[in-house]
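Following: one structure in structure tokens, then a few remarks.
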Amino acid sequence: MHNFLMMTDLQKLNESYDVIYPGVGENIDFLKREITDMNKLHFIGLKEDIFCWQYSKKGFFNFKKNIPEIINYLFHEGEFFK
């Protein structure tokens with residue numbers, strides 16, 4: 033049986049939780065709005081995602097011009113293709 037947490041119970045959390053990093057958008061907005069103590073959440077991010085985020089600050093075209101460097105990272109330093 034699953035234990036579901038009601039939205040009204042979010043502020044009653046006493047424990048810490050691991051959360052797959054939601055990045056931006058509705059999911060992170062929801063967490064910021066509903067959880068007053070964000071230190072209870074431990075965000076988990078893939079190493080490859082974290083590397084790529086540095087290039088996605090100013091939209092797709094800035095990201096696109098860095099694709100060769102990203103591919104180099106994925107093939108040589110990342111574990112994505114191992």
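Numbers given in the working numbering equal positions in the sequence shown, counted from 1, plus 32.
Yeah, the Cβ is synthetic: ideal placement off N, Cα and C, and Gly gets one too.
This structure is a prediction, so every number in the text was calculated from the model and none was measured.
Could you tell me whether the Cβ atoms of residue i and residue j are closer together than 7 Å?
i, j, result
"L73", "Y49", "yes"
"I102", "C84", "yes"
Do you know offhand how far residue i's Cα is from residue j's?
i, j, result
"S88", "I67", "26 Å"
"F107", "F93", "22 Å"
"E109", "V56", "26 Å"
"R65", "E80", "28 Å"
"L63", "I82", "20 Å"
"E47", "F75", "14 Å"
"G91", "I99", "13 Å"
Counting along the chain, where does the beta strand (DSSP E) carrying residue i start and finish?
i, result
"I52", "Y49 to I52"
Span of the alpha helix (DSSP H) holding residue i?
i, result
"L106", "I99 to H108"
"I24", "It is not possible to answer for residue 24, since the shown part of the chain is limited to 33 through 114."
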